[in-house]
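Structure first, then comments.
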Amino acid sequence: MGDHGNLTEQRYEEARVAETLKKGSRVTGAAREKLAADLKKKYDSGASIRALAEETGRSYGFVHRMLSESGVILRGRGGATRGKNKATAGASS
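Just so you know, the sequence shown maps onto residues 12 to 104 in my numbering.
Below, the structure is given as structure tokens:
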């Protein structure tokens, strides 16, 4: 039950940060460091760059750059590769 209050507080903080960081506005100083830390934490927890961009109202490129500046090791592209099914189908025949 104690976590519920903390979760609500966290959501409020995220909404406040997103509200103050309107799309296209310059993000500098402490706000930039806070945003970078939040993006890094969420990305490391499995969120995609596209999902983070949509959540924050920023572009894919902005989120990608913020993650790179934060020293995050970016994951490879997701989804199935076209040649993978052929290789596994041929091996099981």
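Beta carbons are placed, not taken as given, at the ideal position from N, Cα and C, and that holds for glycine. Keep in mind the model is a prediction, meaning the values are calculated, not measured.
| Query | Result |
| --- | --- |
| Exposure label - R69; buried when at least 16 CB within 10 Å | buried |
| Cβ-Cβ distance between L46 and V38 below 8 Å | yes |
| Closest residue to V83 among T67, K53, Y71 and A64 (Cα-Cα distance) | K53 |
| Cα-Cα separation, G35 to E44 | 17 Å |
| Burial state of I64 (16 or more Cβ within 10 Å) | A quick correction: the sequence has Ala, not Ile, at residue 64. Its Cβ being crowded by 16 or more others within 10 Å, A64 is buried. |
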